[in-house]
Each structure stands twice: as structure tokens, then as C-alpha cells.
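As C-alpha cells, the structure follows; a few thoughts come after it.
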Amino acid sequence: MSDLSADSASPRVGVVMGSRSDSETMQGALDLLSQLEIPYEVRVLSAHRTPGLLSTYAARAERLGLACIIAGAGGAAHLPGMLAAFTRVPVLGVPVQSRALSGQDSLLSIVQMPAGVPVATFAIGQAGAKNAALFAAALLATTDAGVRTRLEAFRAAQTQAVLDDPYFDGH
Ligand code: RP5
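This is how it looks when you write it as C-alpha cells:
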């Protein structure tokens with residue numbers, strides 16, 4: 001089981017997950033937020049096991065003025081949708097790869113929100129967790145020049161890594 005990073009005193013992004021067993025997947029988001037120097041906080045909250053805490057956390061997210069909440073869950077993944085129901089803070093949903101159905105259940109549970117309460121939904125697993133963090137960075141970059149500069153540097157380094165690949169033929 002991976003370690004969750006320590007909370008920031010003044011988080012801009014909330015990262016929540018339905019179980020400690022989601023932490024290996026969600027670590028991809030935490031690592032990128034750290035790399036981009038975006039303060040965040042992490043919580044384990046379950047739509048099924050701790051339903052009362054969802055509304056409490058949603059109120060906290062509003063009070064802190066979080067830019068968004070990244071919410072990862074697997075199986076019957078109600079956490080992102082229920083959080084979105086409780087708050088106007090944008091929710092970025094990450095379907096965690098489940099054991100029984102490889103995350104297809106998680107994906108459909110998160111993406112198939114009825115009209116009126118949106119959840120931005122990302123890919124299943126680590127790719128989704130990483131892209132949710134990059135999307136959070138893009139949201140913050142609209143008003144934070146430092147985040148914009150670091151996000152541009154990340155993208156440039158990613159491009160350079162392809163150009164530096166010995167199999168890249170220059171076309
Ligand atoms: C969901 O149930 C969690 O998000 C997790 O992906 C899944 C399984 O949880 P555990 O039984 O491993 O705690 O609520």
C-alpha cells in the first residue's frame with residue numbers, strides 16, 4: 001500500500017478516494033500535483049461506508065475555496081457523483097480499476113451521471129489519476145501564472161522526451 005502525502009496548510013485541490021486500497025492508483029495524481037507545486041489535501045471518504053462525511057467534506061471544500069476535487073473510486077463508484085451533488089466545486093472523477101470488472105463498472109458508474117450534476121470523468125486507473133491532476137493544473141493555470149509556467153515546462157519536457165528517443169525519426 002502506498003503512502004499518502006501530507007496535507008498542505010492551504011490546499012487548492014482536494015484529492016479523495018473511496019478506500020485506502022485506491023491509494024496506489026491515486027498516488028499518480030498526488031505525485032503530479034507535488035511536481036507542479038500545487039498544494040493539496042487527501043482524504044479517504046466512502047459514499048457507502050461513511051456517507052455522512054461526504055456532505056461534511058463538500059462543505060469544507062466550499063469553505064476552503066478549493067479549485068476542484070479529484071475523486072477516485074472503484075466498483076459501484078458513487079463517490080464522485082455524490083460529492084458533485086453536495087458542492088458546486090468541480091469534481092474530477094477517476095475510475096479505479098476494480099478486481100471483478102477491471103474498472104468498467106467504475107467508469108460507467110462515474111461517467112453516466114444524469115443531466116444536471118456533472119462529473120468530469122477520466123480514464124480508468126493511473127492514467128486517469130495523472131490526467132485529473134494535469135486537468136486540475138490547467139484549471140488553476142487560467143489564473144495562476146506560476147502553475148501555468150510549470151505546466152508548460154512539464155509539457156515541453158514530455159515533448160522533448162519523445163524527440164530524444166533514439167527511435168524518433170524526425171518526421
Ligand atoms: C470502493 O470500493 C473503493 O473506491 C474501492 O475502489 C472499492 C473496494 O474497496 P475496498 O473493499 O478495497 O476497501 O468504494
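Counting from 1, one number per residue, gives the positions in the sequence shown under the UniProt record's numbering. Glycine is no exception: its CB is placed at the ideal position from the N, C-alpha and C atoms. Remember, it's a predicted structure, so these values are computed and weren't measured experimentally.
Inter-residue Cα distance where the pair is residue i and residue j
{"i": "Tyr167", "j": "Gln158", "result": "15 Å"}
{"i": "Arg99", "j": "Thr25", "result": "13 Å"}
{"i": "Leu33", "j": "Pro90", "result": "17 Å"}
{"i": "Ser19", "j": "Asp164", "result": "39 Å"}
{"i": "Val147", "j": "Ala115", "result": "32 Å"}
{"i": "Ala61", "j": "Pro11", "result": "10 Å"}
{"i": "Gln97", "j": "Thr142", "result": "31 Å"}
{"i": "Thr121", "j": "Val94", "result": "6 Å"}
{"i": "Ala67", "j": "Pro39", "result": "11 Å"}
beta-carbon residue i near the ligand RP5 non-hydrogen atom, thresh 8 Å
{"i": "Leu163", "result": "no"}
{"i": "Met82", "result": "no"}
{"i": "Gly18", "result": "yes"}
{"i": "Gly125", "result": "no"}
{"i": "Arg49", "result": "yes"}
{"i": "Leu32", "result": "no"}
{"i": "Leu79", "result": "yes"}
Nearest-angstrom beta carbon gap, residue j and residue i [assumed within contact, 8 Å]
{"i": "Ala29", "j": "Ala137", "result": "Not quite, the Cβ-Cβ distance comes to about 11 Å (not below 8 Å), so this is no contact."}
{"i": "His78", "j": "Ser55", "result": "Wrong, their Cβ atoms sit about 13 Å apart, outside the cutoff."}
{"i": "Val117", "j": "Gly81", "result": "7 Å"}
CB contact check: residue i to chain C, cutoff 9 Å
{"i": "Ala73", "result": "Chain labels in this structure do not include chain C; a single protein chain is all it has."}
Start-to-end residues for the alpha helix (DSSP H) that takes in residue i
{"i": "Arg150", "result": "Ala145 to Leu163"}
{"i": "Val111", "result": "Gln104 to Val111"}
Collapsed DSSP secondary structure at residue i in the structure displayed
{"i": "Pro95", "result": "strand"}
{"i": "Gly170", "result": "coil"}
{"i": "Ala138", "result": "helix"}
{"i": "Gly81", "result": "helix"}
{"i": "Ala61", "result": "helix"}
{"i": "Ala120", "result": "strand"}
{"i": "Asp22", "result": "helix"}
Beta strand (DSSP E) segment containing residue i, residue limits
{"i": "residue 237", "result": "Because the chain here runs from 1 to 171, residue 237 falls outside it and cannot be looked at."}
{"i": "Glu41", "result": "Tyr40 to Val44"}
{"i": "Gly14", "result": "Val13 to Met17"}
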